[in-house]
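Step one of this worksheet: look at the structure below.
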Amino acid sequence: MRIKFEGLTKRFPNRNKKIKAEVVAVDNFTFEIPDGKLVGLLGPSGCGKSTALNLICGLETPTEGKIFFDDDDVTDIPAENRGVGMVFQSYALYPHLNVKKNIMFPLQNLKGDQKLTKEVMEAKALEAAKIVQIEELMDRKPNEMSGGQQQRVAIARALVKMPRVLLLDEPLSNLDARLRIQTREEIKRIQNETEITTVFVTHDQEEAMSISDLIVVMKDGAVHQIGKPQEVYDQPANLFVAKFLGTPPINVFTGKIKNGQLYIGEDMLLGKDYVKDVKDQEVFVGIRPEGFVLREGKDGVQDGKNGCFHAELLAVEVMGRDTSVVFSSADSEIAGTRHRAIVSSDNNVDPEAKKVAFDVNPKKVFVFSKESQERLI
Ligand SMILES: Nc1ncnc2c1ncn2[C@@H]1O[C@H](COP(=O)(O)OP(=O)(O)O)[C@@H](O)[C@H]1O
Ligand SMILES: [Mg+2]
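Start counting the sequence shown at 930; every next residue gets the next number (the working numbering).
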């Protein structure tokens, strides 16, 4: 099922009485979540992710705007009639009930002609348990299971009514690192098998990148970019998105476009072929760690269409396949930042050298307006 937002907005009164302005938790959402996909809602804490989920499932009512499930306007439909399954960060299982009863719980309050017999409820619970592969644990209590198993029970409980939409609010944050990776693969598998339109909320860019068909990057209630994970990484719309995706993070410098060429300090980085018709101005320049290529041969010779980049070498960290070259630059966006280039460990970098010179891969260099922070190149 497709979810469509039209001008969806949620404002809260500010809890800080001294501030009059309201908090805009969700700011004018106008986009579609395609049918049968897993969509990652990604952004820093407080950017409105949970509020967006609560609006989809009906736990919050919007201040303005509408939500459609396919062509049905569900904006005024109560949560229990929307056919949405929700999994929260804290699994919120009932500690005194075993797994089977926890999963069956949402079926027990159905009224009228929706009422189910005990046999049907048990069959549905077993079916949901099979999807998340916990059918052997049906008699356990929550405290007799690992965090990962408890989270599967919570997912089975959200699936038991066969929802039209599955919403997961930071479902992995209570798990340790290894279980997090296992469980996120599991969620991907479950979504693939059931083909239920799923919205997965996280502040962890790696998590969002690894399982989403489509990522929605948010900040301060607003959507900054929507795209496939690799598209958003390779073609960030603005400086915020570029900085939010990628580990180690993108390196950001101040620079300028002069005579149709891109400079960081004295170094000419991109020539006219890349700068094209962007007019002369001050800019921010983002370079991905993998965009640096150690310069061979004579240093400082501007030999081609694109120039090179000079920096102070701070450290060389050899880590198996890759080597991190840590450096500082007078032109850092934030003074004192330790920047990182990732190069193949086949390179021998002299850790005693005071200086380092790089060529750059133009595909990994992004140029942003200093004013709007929107991407120019
Ligand atoms: N019930 C509420 N009352 C007032 N402000 C709220 C309420 N719920 C959320 N907010 C505010 O709305 C913003 C978004 O919150 P939330 O959706 O929980 O963000 P996230 O899930 O991305 O961390 C925050 O500034 C938060 O303080
Ligand atoms: Mg939240």
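Where a beta carbon is used, it is the ideal one built from N, C-alpha and C, also for glycine.
None of these values were measured; they are calculated from a predicted model.
SER979 CB to nearest heavy atom of ligand 2 below 7 Å: True, at least one ligand heavy atom lies under 7 Å from that Cβ.
Close beta carbons around PHE1173, own chain, < 7 Å, minus the five adjacent residues each side: Within the same chain, PHE1173 has close Cβ partners GLN1134, VAL1146.
Outcome for GLN1210 when other beta-carbon atoms lying within 10 angstroms are tallied against a minimum of 16: Answer is exposed; the Cβ neighbour count stays below 16.
Cβ-based burial, VAL1081 [other Cβ within 10 Å; buried from 16]: The identity of residue 1081 in the sequence shown is Arg, whereas the question assumes Val. ARG1081 should be labelled buried.
Closest Cα partner of ASN1307 within the set GLN1079, PHE1129, PRO1158: Because the chain in this structure spans residues 930 to 1306, residue 1307 falls outside the shown range and cannot be described.
Proximal residues to LYS1234 (C-beta, below 7 Å), its chain only, five neighbours per side dropped: Caution applies to LYS1234, whose pLDDT of 47 falls short of 50 and renders its modelled position unreliable; the value that the coordinates give is listed next. Answer for LYS1234: GLY1200, ASP1202, listed in chain order.
Cross-strand partners of ARG1269 (DSSP beta bridge): DSSP output for ARG1269 lists VAL1255 as bridge partner(s).
Near ligand 1: CYS986 beta-carbon under 7 Å from a heavy atom: No.
SER1273 to ALA1282 span [Cα, whole Å]: Near 18 Å, if we compare the C-alpha coordinates of ALA1282 and SER1273.
Any non-hydrogen atom of ligand 1 closer than 7 Å to GLY975 Cβ: Yes, Cβ of GLY975 sits closer than 7 Å to a heavy atom of ligand 1.
Environment of ASN945 [buried if 16+ CB atoms lie within 10 Å]: Answer is exposed; the Cβ neighbour count stays below 16.
Buried or exposed by the 16-neighbour rule on C-beta atoms within 10 Å, applied to ARG1304: It counts as buried.
Candidates LEU1066, PHE1034, ASP1068, ARG1069, of which the one nearest LYS1053 by Cα: The candidate whose alpha carbon is nearest that of LYS1053 is PHE1034.
VAL1222 beta carbon less than 8 Å from that of VAL1296: Not a contact, by the Cβ cut-off of 8 Å.
CA nearest to the CA of ASP1196, picked from ALA1286, ALA1085, ILE996: Measuring from the Cα of ASP1196, the nearest candidate turns out to be ALA1286.
Sequence-distant residues of the same chain with beta carbon closer than 8 Å to ALA884, five excluded per side: With the chain represented from 930 up to 1306, any question about residue 884 goes unanswered, as that position is not in the structure.
Nearest to PRO1177 (by Cα), restricted to the options LYS1208, THR1123, ALA1270, LEU1108: Of the candidates LYS1208, THR1123, ALA1270, LEU1108, the one whose C-alpha sits nearest the C-alpha of PRO1177 is ALA1270.
Terminal residues of the alpha helix (DSSP H) in which MET1033 lies: In the DSSP assignment, MET1033 falls within the unbroken alpha helix (DSSP H) covering 1028 to 1037.
Distance CB(ILE962)-CB(ILE1006) smaller than 8 Å: For the 8 Å CB-CB criterion, ILE962 and ILE1006 do not form a contact.
Bounding residues of the alpha helix (DSSP H) (the contiguous stretch that carries ASN983): Looking at the DSSP string, the run of the alpha helix (DSSP H) that includes ASN983 is 978 to 986.
Spatial distance of GLY1229 from THR1252 (CA atoms): With a pLDDT of 44 at GLY1229, under the threshold of 50, the modelled position of this residue cannot be trusted; read the value that follows with caution. Using only the alpha carbons, I get a separation of about 23 Å.
Segments of 3+ residues assigned as beta strand (DSSP E) that fall wholly inside the segment 995 to 1077: DSSP runs (the beta strand (DSSP E)) wholly in the segment 995 to 1077: 1013 to 1016.
DSSP three-state assignment for PHE1182, whether helix, strand or coil: In the structure shown, PHE1182 adopts extended strand secondary structure according to DSSP, grouped into three states.
Given 8 Å, three or more beta-carbon pairs between the segment 989 to 1003 and the segment 1159 to 1166: Result no; under three Cβ-Cβ pairs closer than 8 Å.
Cβ-based burial, MET1138 [other Cβ within 10 Å; buried from 16]: Of the residues assessed, MET1138 falls on the buried side of the cut-off, its CB having 16 or more other CB atoms within 10 angstroms.
Pairwise C-alpha distance: PHE1256 and GLN1190: Rounded to whole angstroms, the separation of the alpha carbons of PHE1256 and GLN1190 is 24 Å.
Proximity of THR907 and ASP956 at Cβ, strictly below 8 Å: With the chain covering only 930 through 1306, there is no way to say anything about residue 907.
Outcome for SER1301 when other beta-carbon atoms lying within 10 angstroms are tallied against a minimum of 16: Its Cβ having fewer than 16 others within 10 Å, SER1301 is exposed.
Per-residue burial, ASP1232 [other beta carbons within 10 Å of its own, 16 or more giving buried]: Residue confidence is low: ASP1232 scores 45 on pLDDT, short of 50, so the model does not pin down where it sits. No coordinate-derived value is stated.
Coil, strand or helix - VAL1204 by DSSP: Helix at VAL1204.
Separation of ARG1109 from LYS947, as counted between CA atoms: Cα-Cα distance, rounded: 40 Å.
Closest by C-alpha distance to VAL1187, when choosing among PHE1169, VAL1207, LEU1168, VAL1016: Note on residue identity: the sequence assigns Lys, not Val, to residue 1187. Selected option, being the one with the closest Cα: VAL1207.
Euclidean distance between Cα positions of ILE1119 and GLY994: Looking at the two C-alpha atoms, the distance is approximately 31 Å.
SER1102 (DSSP reduced to helix, strand or coil): In this structure, SER1102 counts as coil in the three-state DSSP scheme.
Alpha-carbon to alpha-carbon, MET1091 and ARG940: ARG940 and MET1091: Cα-Cα distance of roughly 31 Å.
Three-pair Cβ contact test at 8 Å for the segment 1094 to 1103 versus the segment 1056 to 1065: With the cut-off at 8 Å, the segment 1094 to 1103 and the segment 1056 to 1065 do not touch.
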